[in-house]
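Presented below is the structure to which this report refers.
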Amino acid sequence: LKHGVHFFSFFVPPGVSVVLWPLMIPIEIISYLSRPISLAVRLFANLTAGHTMLKVFAGFVVSLGVVGGLLPFAFVVALTGLELLIAFLQAYVFTILTCFYINDAIHLH
Numbered sequence: 002l003k004h005g006v007h008f009f010s011f012f013v014p015p016g017v018s019v020v021l022w023p024l025m026i027p028i029e030i031i032s033y034l035s036r037p038i039s040l041a042v043r044l045f046a047n048l049t050a051g052h053t054m055l056k057v058f059a060g061f062v063v064s065l066g067v068v069g070g071l072l073p074f075a076f077v078v079a080l081t082g083l084e085l086l087i088a089f090l091q092a093y094v095f096t097i098l099t100c101f102y103i104n105d106a107i108h109l110h
């Protein structure tokens, strides 16, 4: 709303010939609309993979019993710490990319 109709100039990269506008505008719109989808898929895939891996190793702990489950239990503890670090990294990447996308929308070209 800040830029009004001028916002649509965001979909026409500077320096592009008018002849290429019919090709570039749909590509830029698809690129713009795919940003939140790519962020969501990235976050979903990373969280799902981490939880699945922890679930598999936790299943090893239960199925191997007290003696055989010590090594998988150590892996679960180590992987939980690793997943915590990955969660912070994903939050950082998500925040940085979101800031870039908002900056693009606020400050046109």
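Numbers 2 to 110, taken from the numbering used here, label the letters of the sequence shown in order.
Note that beta-carbon positions come from the ideal geometry of N, C-alpha and C, so glycine has one too.
Only a predicted model underlies this, so the values are computations on that prediction, with no experimental measurement involved.
Item to complete: Report the residue from I31, A41, F74 and L44 whose alpha carbon sits nearest the alpha carbon of V57.
Response: Your numbering for residue 57 matches position 56 in the sequence shown. Out of I31, A41, F74 and L44, F74 has the C-alpha closest to the C-alpha of V57.
Worksheet item: What residue range is occupied by the uninterrupted alpha helix (DSSP H) comprising S35?
Response: Residue numbering aside, residue 35 sits at position 34 when the sequence shown is read from its first letter. Taken as a continuous stretch (DSSP letters only), the alpha helix (DSSP H) holding S35 covers W22 to G69.
Practice prompt. Quick one: grab the DSSP three-state call for S18.
Written response: What you label residue 18 is simply residue 17 of the sequence shown in a count that begins at 1. It is coil, neither helix nor strand.
Item to complete: Would you mind stating whether L40 and T99 have Cβ atoms separated by less than 8 Å?
Response: Here the question's residue 40 lines up with position 39 in the sequence shown. Here the question's residue 99 lines up with position 98 in the sequence shown. Yes, they are a contact pair.
Worksheet item: Any chance the CB of I103 is under 7 Å from a heavy atom of the ligand MN?
Response: Of the ligands one can find in the structure shown there are none, so the ligand MN has no counterpart to examine.
Discussion item. Does the structure place the region 72-90 close enough to the region 10-25 that three or more beta carbon pairs sit under 8 Å?
Written reply: no
Worksheet item: Straight-line CA distance for G66 to L72?
Response: In the sequence shown, counting from the first residue as 1, residue 66 sits at position 65. In the sequence shown, counting from the first residue as 1, residue 72 sits at position 71. So the two alpha carbons sit approximately 11 Å from each other.
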